[in-house]
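Residue numbers (the UniProt record's numbering): 1 to 256.
See below for the structure under consideration.
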Amino acid sequence: MDLSQSLRGRSVLITGASSGFGAHFAGLTARAGARIAIAARRIGELEAMTADLTAAGASDVLAVRMDVSDAASIEAGFAAIDDRFGGLDILVNNAGIGVQAPAIDQPVDSYDQVMAVNLRGPWLAAQAAARRWRAAKRGGVILNIASITGLRAMNGLAAYSVSKAALIHMTESLAMEWARFGIRVNALAPGYFETPINADHFQTEAGKALIQRMPMRRLGRYEDLDGPFLLLVSDASRYMTGSVVTVDGGHTIASL
């Protein structure tokens, strides 16, 4: 099945779209022909992306200022999408933050912020989308960007890992409750990927040793997510809900 134009005519909201996975997903959905709402806290970075996304193939691009830890900000963003696109077809809950700290020392406000962005935000955005779809008597698609740390604990990332484990369980719970409304909810769980933030670490002896213990002996590249992402947001996965798809080069099956 060719997924290259699988989102033509669909409207997609991507949170945390200004950088990293979110920016990559925005480009991917643009090339698949979607109308895209790109959301993040800093509107300037998003506005700079709109011309490139249109040139890549997006039929329309809307930059939305949205703080997913703020319920009012989420609702305002959805209202702007309703006005521009007439509704939403696909929600990608990508916004997230990670704080590396020993659990015994991590301040409560740091823990709360991780939970607000990584868990409460996707919950509120999913509710906003699902309530609209239920009222319109139409289905929709939600894709939560989780992490393999939600499946396997990792040292120094307790709060982040807890938030992603809860996001995975939320994915399964909402999938079960909302299937009767025609709403599918799935999760994508990436492993270690090459990013500007971690590049230096993976040049160290410890970083190189970690890579050598991975079955595929390399870090992920953003394009490794393209197929799984398009599968989960398109009709190609029309009989999938409550699924968690790992893209990690075998990391979670290895004895790390």
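A virtual CB, placed ideally from N, CA and C, is assigned to each residue, including glycine.
From a predicted model like this one, the values you see are computed outputs, not experimental measurements.
Helix, strand or coil at aspartate 70 [DSSP, three-state]: The sequence position of residue 70 within the sequence shown is 70, counting from 1. Coil, per DSSP.
The region 83-101 touching the region 149-169, judged by at least three CB pairs closer than 8 Å: Touching, yes, given that three or more Cβ pairs across the two stretches are closer than 8 Å.
CA-to-CA distance, methionine 170 to threonine 246, given in whole angstroms: Against the sequence shown, residue 246 aligns to sequence position 246. Against the sequence shown, residue 170 aligns to sequence position 170. Computed Cα separation, rounded: 16 Å.
Residues of its chain near phenylalanine 78, where Cβ-Cβ distance is below 6 Å and the 5 sequence neighbours each way are ignored: As a first step, residue 78 must be located in the sequence shown, where it is residue number 78. Correct list, in chain order: Ala128.
Cα-Cα separation, arginine 184 to phenylalanine 229: On the sequence shown, residue 184 is found 184 positions in, with the first residue counted as 1. On the sequence shown, residue 229 is found 229 positions in, with the first residue counted as 1. Separation of arginine 184 and phenylalanine 229 (C-alpha to C-alpha, rounded to the nearest whole angstrom) is 14 Å.
Distance between beta carbons of leucine 219 and alanine 187, contact taken as under 8 Å: In the sequence shown, counting from the first residue as 1, residue 187 sits at position 187. In the sequence shown, counting from the first residue as 1, residue 219 sits at position 219. Leucine 219 and alanine 187 do not touch by the CB rule: their CB atoms are close to 21 Å apart, not below 8 Å.
Three-way DSSP call (helix, strand, coil) for leucine 53 in this model: As a working mapping, residue 53 is identified with position 53 in the sequence shown. The three-state secondary structure of leucine 53, taken from DSSP, is helix.
Segments assigned beta strand (DSSP E), at least 3 residues, entirely inside the region 145-207: List check, beta strand (DSSP E) in window: 183-190.
Residues near valine 61 by beta carbon distance below 6 Å, same chain, minus five either side: Counting from one through the sequence shown, the residue named residue 61 turns up at place 61. Closer than 6 Å at Cβ, skipping near neighbours: Ile36, Thr50, Leu53, Thr54.
Straight-line gap, histidine 201 to glycine 207 (C-alpha atoms, nearest Å): Walking along the sequence shown from the start, residue 201 turns up at place 201. Walking along the sequence shown from the start, residue 207 turns up at place 207. Histidine 201 and glycine 207: Cα-Cα distance of roughly 6 Å.
Which residues DSSP lists as bridging arginine 65, in chain order: Within the sequence shown, numbered from 1, the residue matching residue 65 stands at position 65. Looking at the DSSP output, arginine 65 bridges to Ala40.
Alpha helix (DSSP H) segment containing threonine 15, residue limits: Translated into positions along the sequence shown, residue 15 becomes position 15. That residue, threonine 15, is in no alpha helix (DSSP H); its beta strand (DSSP E) goes 11-15.
Per-residue burial, isoleucine 253 [other beta carbons within 10 Å of its own, 16 or more giving buried]: In the sequence shown, residue 253 corresponds to position 253, counting from 1. The residue is exposed, with fewer than 16 neighbouring Cβ atoms inside 10 Å.
Test item: CB-CB of alanine 32 and leucine 3 under 8 Å: As a first step, residue 32 is located in the sequence shown; it is residue number 32 there, counting from the start. As a first step, residue 3 is located in the sequence shown; it is residue number 3 there, counting from the start. In this structure, leucine 3 lies closer than 8 Å to alanine 32 by Cβ.
Burial state of glycine 16, where buried means 16 or more other Cβ atoms lie within 10 Å: Numbered from 1 along the sequence shown, position 16 holds the residue referred to as residue 16. With 16 or more other Cβ atoms within 10 Å, it is buried.
Limits of the alpha helix (DSSP H) - the one that valine 99 falls within: Here residue 99 refers to the residue found at position 99 of the sequence shown. Taken as a continuous stretch (DSSP letters only), valine 99 belongs to no alpha helix (DSSP H), as it is neither H nor E.
Buried or exposed (CB count within 10 angstroms, at least 16 for buried), asparagine 93: The count along the sequence shown starts at 1 and reaches residue 93 at position 93. Answer is buried; the Cβ neighbour count reaches 16.
Glutamate 172 versus valine 108: straight-line alpha-carbon distance, rounded: What you label residue 172 is simply residue 172 of the sequence shown in a count that begins at 1. What you label residue 108 is simply residue 108 of the sequence shown in a count that begins at 1. Going by the C-alpha atoms only, they are around 27 Å apart.
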